[in-house]
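Residue numbers (our numbering), protein chains in the order written: chain A, 1 to 248; chain B, 1001 to 1211; chain C, 2001 to 2044; chain D, 3001 to 3231.
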Amino acid sequence: MNSAVTTPRGTGTRNTRILGVLTIILMVLLTFCGLIFSGEDINQGSTVRIMYVHVPSIWVAYLAFGMTALCSAIYLSGRNRSLIWDRFSGAAGEIGVLFVAVSLVTGSLWGRLTWGTYWVWDARLTSTAFLFITYIGYLAVRRLGGTHRQRARRSAVLALIAILEIPLVHFSVNVWRTLHQKASVADPNAKVALDGLMLFSLFLGLIAFTMLFAWLVIHRQRSLALEDAVADRGLDAAIEARREEATN
Amino acid sequence: METVIELNGVVAVLGSFPALAGVNLTVQRGEILLLQGPNGAGKTSLLRVCAGLMPIERGTGTILGIDLATNRQDIRTRVGLLGHTNGLYLDLSVEQNIQFWASTVGASKDEVANAMRTMRVDGRLAKVKAGQLSAGQRRRTALASLIVRRAEIWLLDEPHAGLDAAGRDELDALLRNAVAAGATVVLASHESERAASLATRTVTVDGGGAQ
Amino acid sequence: MDHASFIIGSWVLTFASVIGYAVYVIRRGRELSKNATSEEMPWT
Amino acid sequence: MSTVSQRRRVAVAVARKDLTIEWNSRILVNQVAPFAAIVMVLFAFALDNDGILQRVAPGLVWLATLFSMLVVIQRTFAVESADGALDALRVAGVDPSAIFAGKSLALMVQLFALELLLVGTAVVLYGVNMTLVGFAEALVTLLAATVGLACVGTLYGGLAGGARGRETLLPLLLLPVVAPVLIGATRATEAAFGSGGTKVSEGWPWIVLLLVFAVIFAAVGSVAFGPLVDE
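Here it is in structure tokens:
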């Protein structure tokens, strides 16, 4: 205990620090490549530069929600039901919500430039919005209270339902758009002719953001573990206090 | 003697409050165990844990030989709990309520009629909505629904509350009959004199523990 | 660069949200780890 | 664990109990149905144009259904928690999937009645004309949509109604999930009503979507209801 006080405390370790520094370097590189070095697209002009943050954000969001579902499944299927999987789900869910929000906003800014409007009822946009709301619900359920295990089981089940529901929502929204009325604006997948440096920037963005996600999820998982530990310590103290009631 | 309830260092929490802070308790078949203690001592939580309703956070326990940590669902089919609330549907009549609880275990019409007669909620009362009953009548209805459930362990939280003198005598007789038929009774009560004369053993619950 | 405000805005918004969240996570971790025992921090 | 016949018996008992409660209290008839009707009138005020109303009538019917459904679901779980009956059900060892089936079944019956009323209101208030085939299609749509809605509604209603202070969670959880039903049912109903010149035959694929949704959530619900509701 004593020796621990002298060492710097927190959720970081040597490895996460290395990961963090690498992430920062790649992010700086990405900024230069994306904003300065890379050229303009033939169709989209300079607006294509939004892509280098927008696409990696939504990629991270999908990655995060996938991880939430995967860790929830591991939690439920594990024999000892280790809470670490629950915390990984929670951390990934939270980060996913952050990145889906970021990509919705950057996407609508991009949309304003290329389509002339912030929002179109395009299938992909609409189902992304649903994704956002669904996982806000997931985070709300995580905060419902109860013991750690109650929280873990409830939210793990919900995460698995969500992953089932997403394709259904996506499919129906998709059919809704394509059958009902043709999108009046440009295809959101408008062919962007990417030259070498642009492609490089996009890949750089994907790698940098994935590393960022890894860094965030590790730290968040650890700080969630500490939150649980604080609650457990509170419980120990409360049990002591409760026992003392009896002797009086 | 057969042990039907065995709890070792059981901790159960309500939110972040440890309602039970390490309970050790052993109950044998055929006992009528009285739980005594001040308000907030943990009597209700103890009964809910025994019913498999409240999860245990720490410690171990078995009810009727079934592990509390893993198989709470199996325990529930074999115990009966009468809590603070009566578990009645206020918009259903007395008879409809008892009939419903009977149908969840597949009890026959005769059993329903018998239970209603035993708790004197037959006749005119049978057609009255539970929401319009007096507190004592509701308690009787809840007890009648408990009878049809044919529980092996009866867990009763303040069963005498709201009952008149005749009702209390009937309840005591009912519990003695149930025990004679092989059941075990655990009850929490403030009616210490009456309950003590009924009980075969008394345990004091305080500060989330039991002595 | 055309539409510089939108483009820079997107980048700034992205990085600001991420940095804001990262700072929150790190701070919370530091604060909580002050009283934590080593067993509660298996990564150390 | 419990056998299939036991489960079926309990499910029927739970469904009958919920419907008896409705029969005794008439909350649906006396409160929810008038609420749904007034919503339909308010839509007319807000849109204030006969042509538009006729065109969007199917969507309004289903929006009104969703809003009323929230009220009905809250009611069906308030009934359980008013006197601790849900605890009693749990302690009775009743299989959660049987409770789920029973409560969904009762909710289906109530929702179906409500939807019939809303379609009737649309026909009267918004001047919708239906052919006989269209009417049959509308009925099939109602049935298919109702099964899905009742299953998801019961699932999330149980989660949100399990404890105090969670009522506000229900719309947040439920409305995103039922988007496919709203889309499918609205399109199918448009075909049935012939709104905007849609042909009756265009509705059937949407009904397939509704059925897929219903099957998925009936299955998910019977597995997930226990862990979600049980503490």
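Just so it is clear, CB atoms sit at the ideal spot from N, CA and C, and this is done for glycine as well.
Keep in mind that this is a model prediction, so the values were computed, not measured.
Thinking C-alpha only, which one of B:A1019, B:A1135, B:K1109 and B:H1190 is nearest D3083 of chain D?
-> B:A1135
Step through the CB atoms of chain D and report whether any lies within less than 8 Å of the CB of K1129 of chain B.
-> yes
State yes or no: is the C-beta of L1155 of chain B within less than 8 Å of the C-beta of L1081 of chain B?
-> If you check the CB distance, L1155 of chain B and L1081 of chain B come in under 8 Å.
Compute the Euclidean distance between the alpha carbons of D1122 of chain B and A3015 of chain D, then round it to the nearest angstrom.
-> 25 Å
What is the DSSP secondary structure of S2044 of chain C, counted as helix, strand or coil?
-> The sequence as given places Thr at residue 2044 of chain C; Ser does not occur at that position. DSSP places T2044 of chain C in coil when its eight states are reduced to three.
Verify whether the separation of the beta carbon atoms of A1019 of chain B and G1207 of chain B is less than 8 Å.
-> Not closer than 8 Å, so no.
Does DSSP put T11 of chain A in a helix, a strand or coil?
-> coil
CA-CA distance, H180 of chain A and T3065 of chain D?
-> For H180 of chain A, the predicted structure reports a pLDDT of 46, less than 50, and the residue's modelled location is therefore unreliable. A value from the coordinates is still provided. Approximately 22 Å between the Cα atoms of the pair.
Bounding residues of the alpha helix (DSSP H) (the contiguous stretch that carries V3010 of chain D) | V3004 to S3025
How is the beta strand (DSSP E) around W1154 of chain B delimited, first residue to last?
-> It spans I1153 to D1157 - the beta strand (DSSP E) in which W1154 of chain B sits, taken as one unbroken run.
Cβ-based neighbour list, L3019 of chain D, same chain, cut-off 7 Å, excluding 5 preceding and 5 following | A3106 and V3109
State the start and end residues of the unbroken beta strand (DSSP E) segment that holds P1018 of chain B.
-> F1017 to Q1028
For a contact meaning CB atoms closer than 8 Å, what does S155 of chain A contact in chain C?
-> Chain C residues near S155 of chain A: none, gap ~19 Å exceeds 8 Å.
Beta carbon proximity, V2023 of chain C to chain A, threshold 8 Å | V2023 of chain C is outside the set of residues whose beta carbon lies under 8 Å from a beta carbon in chain A.
Note down the Cα distance separating N3074 of chain D from G3157 of chain D, rounded to an integer number of angstroms.
-> With the sequence shown as reference, residue 3074 of chain D is identified as Gln, and Asn is not the correct amino acid for it. When rounded, the distance between both Cα atoms is 7 Å.
So G1167 of chain B packs on R1140 of chain B, CB below 8 Å; how close in whole Å?
-> 6 Å
Nearest-angstrom Cα distance between Y75 of chain A and E227 of chain A?
-> Taking the straight line from one Cα to the other gives about 19 Å.
Whether F65 of chain A touches G96 of chain A by CB criterion (8 Å) | yes
Could you check what DSSP says for I3207 of chain D in three-state terms: helix, strand or coil?
-> helix
Going by CA-CA distance only, name the one from A:A69, A:L109, A:I207 and A:W85 that's closest to I2007 of chain C.
-> A:L109
Below 8 Å between beta carbons: does that hold for L63 of chain A and F200 of chain A?
-> no
Using a Cβ cut-off of 8 Å (strictly closer), state whether E245 of chain A contacts chain B.
-> yes
What is the rounded straight-line gap between the Cα of A1178 of chain B and the Cα of S155 of chain A?
-> If I take the Cα positions, the gap works out to 42 Å.
When you compare each of B:G1083, B:P1055, B:Q1036 and B:M1119 to I1075 of chain B by their alpha carbons, which one comes out closest?
-> B:P1055
Could you tell me whether the stretch 1034-1049 of chain B touches the stretch 1186-1206 of chain B, using the rule of 3 or more Cβ pairs below 8 Å?
-> yes
Mind checking if R142 of chain A is an interface residue toward chain B, Cβ cutoff 8 Å exclusive?
-> no
Keeping to the same chain, check which residues put their C-beta closer than 8 Å to that of F3112 of chain D; ignore five residues upstream and five downstream.
-> L3142, L3143 and T3146
Test: L1021 of chain B CB closer than 8 Å to a CB of chain A | Sequence inspection shows Ala at residue 1021 of chain B; the Leu mentioned does not correspond to that position. Output row for A1021 of chain B: interface = yes.
How about I133 of chain A and P3176 of chain D: are their beta carbons less than 8 Å apart?
-> yes
With DSSP as the reference, label L86 of chain A as helix, strand or coil.
-> Per the sequence shown, the amino acid found at residue 86 of chain A is Asp instead of Leu. In this structure, D86 of chain A counts as helix in the three-state DSSP scheme.
Output yes if chain F places a C-beta closer than 8 Å to the C-beta of R151 of chain A; else output no.
-> Among the chains of the structure shown, chain F does not appear; the protein chains present are A, B, C and D.
Touching or not, the stretch 3118-3126 of chain D and the stretch 3029-3049 of chain D, by the rule of three or more beta carbon pairs under 8 Å?
-> yes
Identified DSSP bridge partners for R1201 of chain B = DSSP, once it has assigned bridges, lists B:L1033 as partnering R1201 of chain B.
Kindly say whether A231 of chain A, judged by its beta-carbon, lies nearer than 8 Å to any beta-carbon of chain B.
-> At a cut-off of 8 Å, the C-beta of A231 of chain A has a neighbouring C-beta in chain B.
Within 10 angstroms of its Cβ, does D1067 of chain B collect 16 or more other Cβ (buried), or is it exposed?
-> exposed
Where the alpha helix (DSSP H) through I50 of chain A begins and ends = No alpha helix (DSSP H) holds I50 of chain A; DSSP gives it neither H nor E.
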